[in-house]
Amino acid sequence: MTRQFFVGGNFKMNPTSREAKKALIKVLNEATLDPNTEVVIAPPSLYLIPVLEQVRKEVKVAAQNCYFKPNGAFTGELSPAQLKDAGVPYVVLGHSERRSLFHEDSALVAQKTRAAIDTGLSVILCVGETLQERESGKTQAVVEEQLKAFIDISKPEDWSKIVIAYEPVWAIGTGKVATPAQAQETHALTRAFLATAVSKEVAESVRIIYGGSVTASNSKELSNQPDIDGFLVGGASLKPEFVDIINAKKA
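Using the working numbering, read the sequence shown as starting at 0 and increasing by one per residue.
Right under this line is the structure:
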């Protein structure tokens, strides 16, 4: 099965001005982008609607997080219903920074994922291990535990709305990158787990993308791995080289 290549840009809490945000969008709007690659950018929530209005229609927009309730007294949160109403098609859930800094466990991430899909959103679902977990040989156990929380409350049709982002925590923003062989191994094992835990069809169709210090210089080799279906890009999504990463699969 051919899976469409996917490149996401997670701006995190950047940029810090509307002018800088406009400059980022201008680069994307004027660039030649591979039409065969699905491109999604996740700006800070303050900029979601302006970015939706300003970015070219081929580039989709994602929220960086949402809550699992449609509305109510939850100060500081965005609801899936609000995102859907605003025309935001994607949301990033379970990012390692949400898990480590804001203490979101896999059960909460699963609950958010369930709510987002039920509302009609697509989800970039993040999983990944710390350096200590990798060195202890626990990578696959951690990834499977993080996925299993959602698998337990999922329906087969949900998986067409999910992109799994494997992001080894030790490689995010550190300049360290999982080697193509390391990333491919985890992606292949994760696909094999999905075949057993969900179905062979889901395992073959779901996109598993890699995140963790992806740059223009390493994206080509990573993109050639059979089970790496794209990238979730952090720091480099704020630079012109993001265009080269989007075009990594171009001949």
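Even for Gly, the Cβ is constructed at its ideal location relative to N, Cα and C.
Pick from Val108, Gly234, Asp151 that is closest to Gly251, judged by C-alpha positions: Since the displayed the chain opens at 0 and closes at 250, residue 251 lies outside it and no answer follows.
Terminal residues of the continuous beta strand (DSSP E) containing Leu146? Locating residue 146 in the sequence shown gives position 147, counting from the first residue. Note, Leu146: premise wrong, no beta strand (DSSP E); alpha helix (DSSP H) at 138-150.
Could you tell me the alpha carbon to alpha carbon distance between Thr74 and Cys125, rounded to whole angstroms? Position 75 of the sequence shown, counted from the start, is the residue given in the question as residue 74. Position 126 of the sequence shown, counted from the start, is the residue given in the question as residue 125. Rounded to whole angstroms, Thr74 to Cys125 spans 24 Å at the Cα level.
With a 10 Å radius around its C-beta and 16 neighbouring C-beta atoms as the bar for buried, classify Gln260 as buried or exposed. Examination of residue 260 is not possible in this model, given that the chain is present from 0 through 250 alone.
By how many angstroms is the C-alpha of Lys21 removed from the C-alpha of Leu237? Start at 1 with the first residue of the sequence shown, and residue 237 comes out as number 238. Start at 1 with the first residue of the sequence shown, and residue 21 comes out as number 22. For Leu237 and Lys21, the distance between alpha carbons rounds to 12 Å.
Just mark Gln131 as buried or exposed, buried being the case when its beta carbon has 16 or more other beta carbons within 10 Å. Indexing the sequence shown from 1 puts residue 131 at position 132. Exposed, because fewer than 16 other Cβ atoms sit within 10 Å of the Cβ of Gln131.
Can you give me the C-alpha to C-alpha distance between Ala106 and Gly93, rounded to a whole angstrom? As a working note, residue 106 is residue 107 in the sequence shown. As a working note, residue 93 is residue 94 in the sequence shown. The alpha-carbon atoms of Ala106 and Gly93 are separated by roughly 10 Å.
What does the alpha-carbon distance come out to for the pair Gly210 and Leu221? To locate residue 210, count along the sequence shown from 1; it is residue 211. To locate residue 221, count along the sequence shown from 1; it is residue 222. Straight-line Cα distance between these residues: approximately 10 Å.
Runs of 4 residues minimum, wholly inside the stretch 71-114: which ones carry the alpha helix (DSSP H) assignment? 79-85, 95-100
So Asn9 is in the beta strand (DSSP E); what residue range does that whole segment cover? Start at 1 with the first residue of the sequence shown, and residue 9 comes out as number 10. Taken as a continuous stretch (DSSP letters only), the beta strand (DSSP E) holding Asn9 covers 4-9.
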